[in-house]
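This report refers to the structure that appears directly beneath it.
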Amino acid sequence: MNNNFKIVSALLLAFSVLILASCKKDDMETLSTVSNCDTTNVTFSQTIQPLLNTHCNSCHSGNFPSAGVALDNYQAVKAVASSGVLLGTIRHENGYSPMPKNSTKLNDCDIRKVEIWIQNGSLEN
Numbered sequence: 050m051n052n053n054f055k056i057v058s059a060l061l062l063a064f065s066v067l068i069l070a071s072c073k074k075d076d077m078e079t080l081s082t083v084s085n086c087d088t089t090n091v092t093f094s095q096t097i098q099p100l101l102n103t104h105c106n107s108c109h110s111g112n113f114p115s116a117g118v119a120l121d122n123y124q125a126v127k128a129v130a131s132s133g134v135l136l137g138t139i140r141h142e143n144g145y146s147p148m149p150k151n152s153t154k155l156n157d158c159d160i161r162k163v164e165i166w167i168q169n170g171s172l173e174n
């Protein structure tokens with residue numbers, strides 16, 4: 050082997066190690082979660098409503114939903130989704146009240162499902 054090949058190989062190895070070492074554990078978990086996320090056939094009744102029932106409807110349902118925001122029926126959810134408020138709150142974006150309140154952010158897979166449902170026109174089925 051010539052010296053140039055050894056130098057290039059050593060540099061490539063060092064570069065690879067640096068790239069891998071720069072990934073934080075959280076980033077790797079996020080990548081893993083999103084890559085294992087089944088986002089095929091995202092529908093309101095089968096995907097979004099169960100997610101909202103689990104994370105939101107203890108506060109955002111009934112006769113007096115928190116902040117006047119009901120998330121227990123399709124029309125109400127579609128209105129909040131169309132305005133951008135639903136994604137802003139679950140993504141914890143600046144200018145929006147982070148939801149679920151006093152809790153951790155929804156996982157990346159659940160957020161991705163909501164994004165896809167909205168991108169697909171907030172279809173009811």
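Count the sequence shown with our numbering and you get residues 50 to 174, in order. Ideal Cβ positions, reconstructed from N, Cα and C, are used throughout, including at glycine. Note that the coordinates shown come from a computational prediction; the quantities given were computed from them, not determined experimentally.
Limits of the unbroken alpha helix (DSSP H) element including residue i
i      : result
Asn137 : Before going further, note that residue 137 is Gly rather than Asn in the sequence given. Val134 to Ile139 is the span of the alpha helix (DSSP H), which, as asked, contains Gly137.
Asp159 : Asp157 to Gln168
Asn102 : Gln98 to His104
Ser107 : From DSSP, Ser107 is part of no alpha helix (DSSP H); its letter is neither H nor E.
Gln124 : Tyr123 to Ser131
Residue of the options minimising C-alpha distance to residue i
i      : options                         : result
Asp121 : Asn106, Ser131 and Ala130       : Asn106
Asn32  : Cys108, Arg161 and Ile165       : Because the chain in this structure spans residues 50 to 174, residue 32 falls outside the shown range and cannot be described.
Leu172 : Val126, Thr103 and Ser84        : Val126
Gly170 : Gly133, His141, Ser84 and Pro99 : Gly133
Ser131 : Gln168, Ser84 and Val91         : Gln168
Residue i burial status per 10 Å Cβ neighbour count (16 or more: buried)
i      : result
Leu155 : buried
Phe113 : exposed
Leu101 : buried
Thr153 : exposed
Thr138 : buried
Met77  : Summary for Met77: the model assigns pLDDT 42, below 50, so the residue's position carries little reliability, and this model does not support an answer.
Cut-off 8 Å between Cβ atoms - residues of its own chain near residue i, not counting five sequence neighbours on either side
i      : result
Val129 : Val118, Leu120 and Leu135
Cys86  : Asp157, Cys158, Arg161 and Lys162
Val91  : Ile97, Lys162, Ile165, Trp166 and Asn169
Close beta carbons around residue i, own chain, < 7 Å, minus the five adjacent residues each side
i      : result
Gln95  : none
Glu164 : Leu136
Cutoff 9 Å: residue i Cβ touching any chain B Cβ
i      : result
Asp159 : Annotation note: the requested chain B is absent from the structure, which comprises a single protein chain.
Cβ neighbours of residue i in the same chain (closer than 6 Å, five flanking residues each side left out)
i     : result
Phe5  : With the chain running from 50 to 174 in the structure shown, residue 5 is simply not present.
Ile97 : Trp166
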